[in-house]
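Q:
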Amino acid sequence: MWREFLTVVRREYLKWVRVPVWVSAYFVLPFVYLVLFGQAFNLNNLFPAGGGAAELRTALLGAPDYFSYFTAGIIGFVILTTSLYAGTGVLFDKQLGIQSRMSSTPAPRSALFAGSLVFRSMMAMLPCFLAIAFGLAFAHVPGLVGLTVNGSVSALGVGEIVLAAALLSLMFTALFLAFGYAVDTNESYFGVTSLLNLPLLFTSNAMFPQSTMPGWLQSISAYNPISLAVNVVRENLFATVGYPFGPGTYLLGLALWAAFLIGVALLVAARELRAK
Amino acid sequence: MEHVIVTEGLGKRYADGVDAVRDVSLTVRGAEIYGFLGPNGAGKTTTTAMLTTLLRPTYGRAEVAGLDVVRRPDAVRRRIGIVFQRSTADADLTGRENLELAAGLCSLSRAESRPRIRELLERMDLSEAADRRVRSYSGGMQRRLEVAVGTIQDPEILFLDEPTLGLDPQSRAGFWRYVRELRRKNGVTVFLTTHYLDEADALCDRLSIIDRGHLIASGTPAELKERRGDDTIEVTLAGEAPDLTAAFASVAGVRAVARDGAMYRLKCARGEALVTKVALAAQSREVEIARVVVRKPSLDEVFLEMTGRAYRAEGDPNGSAKGAPPGGARAG
Ligand SMILES: Nc1ncnc2c1ncn2[C@@H]1O[C@H](COP(=O)(O)OP(=O)(O)OP(=O)(O)O)[C@@H](O)[C@H]1O
Ligand SMILES: [Mg+2]
């Protein structure tokens, strides 16, 4: 079991380093989001001092400015986008016969799934830390707004942020792997995932404060895993008050989501890797 | 002798309604090289996929190594090796890495797999290319890598789906040697799908022919050729010779005679047994014989005869099916 799992992880790693297009996509993505979205689409500029600025400040729940708020939120966005790649790997393996080869070996189906899940979710997580690093760096670049952290972040806080990002990566990677296993053509894969992508993002508080949403959307956003993860990040970066729960509660919520989605994905993978 | 592969009324209907395999029953004995022949789309790959636990039979039953393929797929997978018709290597990895991947998935430790991989690369003449990405391999190299990957876990039973497709003659001979050796040294049972009839003839102890999902004949290559029927003795007379049609026809054992100038074609059961009598018949009329050739029916003829209706319908002038109607072996 363990050996098969590590074998799959090694293969994913080898493919990862051999296809530099992906690597660069992962590194460029957070940069582009922060520069294009974060700089151009800055709510602070829309509400110049006076009209609404105070309300915005309250809505940001202690984040010093909108760009900082957005940078913390981008983590959910980046993880969602990078996880999307996971399923395409499965599709290619299916089309190229590699999946037949793997299914024909005695390797436990769960090891085949888990190897891809673990490696790919770790990779999906990487760029969100880059996003934070870019955000912090922007603060020192003239002409750009940057991420401002309130106070100091404890080691526990960093651990909580990493755990939140890891859980979010795991659940989304599991979800997209499951789609990869379940559908047969690239068209249907991208059809399904693009239908899912924006709704997941816009029903979260990644970009817009929850308190500015209509009531029904607020209740969806409260349970959206992206919101849960972003809450953990913001609470830690901005020493925020005004959240109904502490990071531990949100992490528990994330863990439940992850357990549920990984469980479902494992069932889908096991079904698809069985004789049909 | 123990039966290593047994199918009973095995059938597969794909989701779109194609009946790819219908009611196939066959047995393969231990340490036997069993050929599975048939034209394109006959159902060879589908049958192989069911036997290797990759496809679920729609009906019927199959056992491999005494294990039901539907109920004990994991146990079956531990005992078999597969060479797929389509290459399954990961093109972004090197040949060696592909072998390491397969070894790891078969739960071989590094210590076990390293010498094995070296030996297989050597054997398949891939040592030099071992650390190049498979993307850069030629078709034949990919095919040989596929064979190496398929035999990585030292299988008891080896499934080969058109393993020599596109191989040059040396590689093909090397592959035949390898298969024979696996059987001799390790007692491996081989289930081999092929279009090359010389290959089936040279390699297989027994074989069966599948057409449109039906098994239409099985037996040893010799039996099948015999069933195809007659040998042909071609006699060419020297010089100005009278018409000997009647003389040849009266030789006991000759079933039919066709004349083509100085050349006569005599149909009979076993040509070599009649050559002397035929020569005597000519001699008794004081006619010299320039040449005698005994032609055996080839497996090609058997194959075409049984599955090649389309060719004949088109009126192929060299069609092997002139003369006797199909040998009545068609089932269903
Ligand atoms: N996945 C599939 N879905 C539907 N039909 C299929 C599928 N795979 C094969 N078939 C059909 O089943 C029949 C048997 O196909 P199969 O691949 O088993 O033939 P084959 O004997 O291996 O042929 P070849 O010599 O060309 O490899 C064909 O009619 C084919 O079109
Ligand atoms: Mg085939």
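As you go down the protein sequences, you meet chains A and L in turn. Taking the numbering used here, I'd label the letters of the first sequence as residues 1 to 276. Taking the numbering used here, I'd label the letters of the second sequence as residues 277 to 608. Heads up, the beta-carbon is just placed ideally off N, CA and C, and yes, glycines get one too. Everything numeric in this text was worked out from a predicted model, so none of it was measured.
1) Is it the case that the segment 53-68 of chain A contacts the segment 199-219 of chain A, given that we only count it when at least three CB pairs across the two stretches are under 8 angstroms?
2) Taking Cβ to Cβ, would you say S104/A is nearer than 8 angstroms to L330/L?
3) Report yes or no: do the segment 90-110 of chain A and the segment 370-381 of chain L share at least 3 C-beta pairs separated by less than 8 angstroms?
4) Quick one: does Y587/L have its CB under 8 angstroms from some CB of chain A?
5) Taking only the alpha-carbon atoms, compute the straight-line gap between F176/A and F190/A and give it to the nearest angstrom.
6) Is T329/L close to chain A? Criterion is C-beta to C-beta, closer than 8 angstroms.
7) Expressed to the nearest angstrom, what Euclidean distance is found between the alpha-carbon atoms of R535/L and A523/L?
8) Got a sec: does ligand 2 put a non-hydrogen atom nearer than 7 angstroms to the Cβ of K320/L?
9) In chain order, what residues of the same chain lie with their CB nearer than 7 angstroms to the CB of Q39/A, ignoring the 5 residues before and after it?
10) Answer yes if the segment 118-136 of chain A comes into contact with the segment 396-414 of chain L, meaning at least three C-beta pairs across the two stretches below 8 angstroms, and no otherwise.
11) By the DSSP assignment, the alpha helix (DSSP H) with R399/L in it spans what residues?
12) Check whether the Cβ of Y472/L sits closer than 7 angstroms to any heavy atom of ligand 1, and report yes or no.
13) Under the rule that 16 or more other beta-carbon atoms within 10 Å means buried, what is S389/L, buried or exposed?
14) Between Q361/L and ligand 1, is the CB less than 7 angstroms from at least one heavy atom?
15) Taking Cβ positions only, does P349/L come closer than 8 angstroms to chain A?
16) Does the Cβ of D444/L lie closer than 7 angstroms to at least one heavy atom of ligand 2?
17) How many angstroms separate the CA atom of Y335/L from the CA atom of K320/L?
18) By Cβ distance, which residues of its chain are closer than 8 angstroms to L14/A, with the 5 residues on each side in sequence left out?
19) Could you work out which residue in L6/A, F41/A, S188/A is closest to T88/A when comparing CA atoms only?
20) Helix, strand or coil, according to DSSP, for G311/L in the structure here?
21) To which residues of the same chain is A174/A closer than 7 angstroms at the C-beta, ignoring the five residues directly before and after it?
22) Would you say the beta carbon of E12/A comes nearer than 7 angstroms to a heavy atom of ligand 2?
23) Under a three-way DSSP split, which group does T508/L fall into?
24) Leaving out the 5 sequence neighbours to the left and right, which residues in its chain are closer than 7 angstroms to M1/A when beta-carbon positions are compared?
25) Specify the secondary structure class of K461/L as computed by DSSP and reduced to three states.
A: Short version:
1) yes
2) yes
3) yes
4) With a pLDDT of 38 at Y587/L, under the threshold of 50, the predicted position of this residue should be treated as unreliable, and no value is reported.
5) 10 angstroms
6) yes
7) Approximately 12 angstroms between the Cα atoms of the pair.
8) yes
9) L144, V145
10) no
11) First-last of the alpha helix (DSSP H) with R399/L: 386-399.
12) It does not: the Cβ of Y472/L is nowhere closer than 7 angstroms to a heavy atom of ligand 1.
13) buried
14) yes
15) Under the 8 angstroms criterion on CB atoms, P349/L is classed as interfacial with respect to chain A.
16) no
17) 16 angstroms
18) none
19) S188/A
20) strand
21) L117, L261, I262, A265
22) E12/A: no, Cβ never under 7 angstroms from ligand 2.
23) Here T508/L sits in strand by DSSP.
24) P108, A111
25) helix
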